[in-house]
Structures are given as structure tokens and as C-alpha cells.
Amino acid sequence: MNLLFKFWNSSIGKKWLVALTGIALLGFVIGHLAGNLQMFGGADKINAYAEFLHNNQKLLWVMRLGLIVCFIGHIFTTICLVRQNRAARPERYSISRNVQAKAATRSMIYSGLTVLSFVIFHLLHYTFRVTDPRFKLIAEGGKLTSVNDVFQMVVLGFQSPVISGFYLLSVALLSLHLSHGISSVFITFGLESKKSIVQVGRYSMLIAVLIFLGYASIPAAVLLGVLK
Ligand code: HEM
0 MNLLFKFWNS
10 SIGKKWLVAL
20 TGIALLGFVI
30 GHLAGNLQMF
40 GGADKINAYA
50 EFLHNNQKLL
60 WVMRLGLIVC
70 FIGHIFTTIC
80 LVRQNRAARP
90 ERYSISRNVQ
100 AKAATRSMIY
110 SGLTVLSFVI
120 FHLLHYTFRV
130 TDPRFKLIAE
140 GGKLTSVNDV
150 FQMVVLGFQS
160 PVISGFYLLS
170 VALLSLHLSH
180 GISSVFITFG
190 LESKKSIVQV
200 GRYSMLIAVL
210 IFLGYASIPA
220 AVLLGVLK
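Dropping the structure here:
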């Protein structure tokens with residue numbers, strides 16, 4: 000217990016927690032992307048996947064609870080860490096390093112807050128389906144084909160350029176957040192060296208760009224009429 004308390008109280012302990020919850024969230028982002036890309040396999044494919052998830056409520060809820068714990072843990076620990084660092088920061092860095100560190104932290108906070116507001120909208124949009132009356136029909140198995148026609152719901156949702164634009168902007172900021180976050184994980188765990196730091200930065204950027212292209216491809220394909 001004492002050890003846990005010491006771990007939580009230390010700045011490095013909090014950094015580890017932010018990194019570990021971040022890795023779990025990245026795992027979800029990649030898994031969710033793999034699921035979403037089944038849109039390109041056609042309605043039957045993505046709808047069968049959604050049905051599989053909905054028929055496995057235990058699995059779904061274990062995943063949801065894990066996600067909620069990691070999401071809240073990631074945000075809460077970050078807030079505590081920023082406050083702790085602010086309180087403890089003497090004029091330790093040179094002015095330019097201090098400015099750089101502050102800019103990086105600020106960009107992480109802003110991109111993180113945008114991702115948070117995106118996730119809230121996204122849940123209202125596709126999970127609770129309260130933003131578009133047509134989605135309620137889909138959820139209730141009304142006029143629009145089967146009970147869980149996720150394919151049709153996503154196509155209808157992204158036919159609005161405003162909604163698609165908001166998704167594109169949000170996944171761009173998510174990718175920016177991930178690019179910085181992934182390289183920070185390496186630094187937190189002491190896995191980078193002076194030699195590898197540039198490569199770590201490049202690979203983090205590559206992963207983030209691939210994630211952006213993957214998520215962006217769906218609204219883009221709907222707007223271009225490839226998915227309809
Ligand atoms: C083009 C981009 C995306 C599409 C098409 C998409 C699609 C969907 C759909 C259709 C659902 C509801 C599934 C169902 O109830 O059957 C869903 C749920 C969800 N999505 Fe996304 N998503 C996208 C991007 C994202 C991103 C970038 C994140 C995270 C940062 C995210 C996080 C979530 C979460 C947390 C849920 C709730 C999962 C649950 O039911 O517990 N999504 N998404």
C-alpha cells in the first residue's frame with residue numbers, strides 16, 4: 000500500500016500511469032480502426048461485426064469498462080502530473096527549453112481536450128444515436144433495413160460535409176496527440192537513446208499518419224460516393 004502511495008506521489012509513477020493507460024487507449028484506437036475499415040468489405044461484413052459485438056454483451060462491457068477506466072485514468076493522472084510539475088518547477092530549464100516544454104504540454108492538452116469533446120459527440124452520434132432521427136429508426140429496426148445496420152448509419156452520418164469535416168479535424172488532432180504521445184512513452188520508459196530519438200519520433204509520426212489515413216478514409220469515401 001505504501002509502495003503504491005509512493006508510486007502515485009512520484010512524478011515518474013504518474014508518467015508511467017499516463018503511458019500505460021495511453022498504450023491501452025492506442026490499442027483501442029487501432030482495434031476500432033480495424034473494425035471500422037470493414038466498411039470497405041460491404042454492409043454484410045461490418046454489420047456482422049457489429050452484431051457479433053452486440054451479441055457478446057459480456058465482452059462488450061469488459062471492453063467498455065476497461066476503456067472508461069483508462070480514459071478517466073489517463074485524463075485525471077495527466078491533470079495531477081501537470082499540477083505537480085507546475086508546483087515543483089523551479090527555474091531549472093533554460094528559457095528556450097522551458098518554452099518548448101510548455102508548448103508541447105499545451106498542444107497535448109488542447110489536442111487531448113478536442114479528442115475528449117469528439118468522443119462525447121461520437122458517442123451521442125453513433126452509440127446513443129440521438130443526433131439524427133434517422134438513426135433511431137435503424138436502432139428500432141424501422142424502415143431502414145435491419146436492426147443494426149451500422150453500414151447505413153455510418154454512410155448517412157458522413158453524407159453531411161459538416162459532420163465529416165468535424166470527424167476529419169478531430170482525427171487529425173487525435174493523430175497529432177498520438178504522434179507526440181507515442182514518442183513520450185519511449186522517453187517515459189527510458190527506451191530511447193540519443194541515437195534512436197530521431198527514429199522514435201519518425202516511427203511515432205508514421206503510426207499517427209497511418210491512423211489518420213485509416214480513419215479519414217471512411218468519411219472521405221462516403222463524401223466521394225465510394226461508400227453508399
Ligand atoms: C471514421 C471514424 C470512425 C467511425 C466510422 C466510427 C464508427 C463507430 C460506430 C459505428 C460506433 C457504434 C458501434 C455500435 O454501437 O454498433 C462507434 C463507437 C465508438 N467509437 Fe467510433 N468511429 C470512428 C472514430 C472513432 C475514434 C477516432 C474514436 C476514439 C478516439 C472512437 C471511439 C469510439 C468509442 C469509444 C465508441 C463506443 C464503443 C462502445 O460501444 O462501447 N471512434 N464508432
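Quick note: the sequence shown, position 195, residue 194 per numbering that gives the first Met the number 0, numbers continuous. Positions of the beta carbon are idealized from the N, C-alpha and C atoms, including for glycine. Computed from a predicted model, the values in this text were never measured in an experiment.
If you compare the alpha carbons of 225, 191, 201 and 178 with that of residue 22, the shortest gap goes to 178. Contact between residue 183 and residue 207 is absent: CB atoms are separated by about 12 Å, not below the 8 Å threshold. Under the DSSP assignment, residue 150 falls in the alpha helix (DSSP H) whose first and last residues are 149 to 157. Residue 167 and residue 133 have their C-alpha atoms roughly 22 Å apart.
Using a Cβ distance threshold of 9 Å, residue 76 and residue 17 count as a contacting pair.
For residue 110, the closest C-alpha among the options 3, 195, 83 and 170 is that of 170.
For a cut-off of 8 Å, the C-beta gap from residue 27 to residue 66 is around 6 Å, short enough to register as a contact. Taking a contact as a CB-CB distance under 8 Å, the pair residue 156 and residue 125 counts as one, their CB atoms being some 7 Å apart. Distance between residue 5 and residue 11, taken at the CA atoms: about 10 Å. Counting along the chain, the unbroken alpha helix (DSSP H) around residue 26 starts and ends at 10 to 35.
Here residue 43 carries a helix assignment [DSSP, helix/strand/coil]. Using a cutoff of 8 Å, the CB of residue 118 counts as near the ligand HEM, since one of the ligand's heavy atoms is closer than that. By the 16-neighbour rule on beta-carbons within 10 angstroms, residue 217 is buried. For residue 204, the enclosing alpha helix (DSSP H) covers residues 196 to 222. Contact annotation, residue 221 with residue 149: C-beta distance approximately 13 Å; criterion of less than 8 Å not satisfied. Bounds of any alpha helix (DSSP H) do not take in residue 127, whose DSSP letter is neither H nor E.
Boundaries for residue 38: no alpha helix (DSSP H) harbours it, and the DSSP string shows neither H nor E there. Distance from the CA atom of residue 49 to the CA atom of residue 63, rounded to whole angstroms, is 15 Å. With a cutoff of 9 Å on beta-carbon distance, residue 37 and residue 45 are scored as near each other. With a threshold of 8 Å, the Cβ atom of residue 169 counts as near the ligand HEM, since some heavy atom of the ligand is closer than that. The beta carbons of residue 189 and residue 107 sit no closer together than 9 Å.
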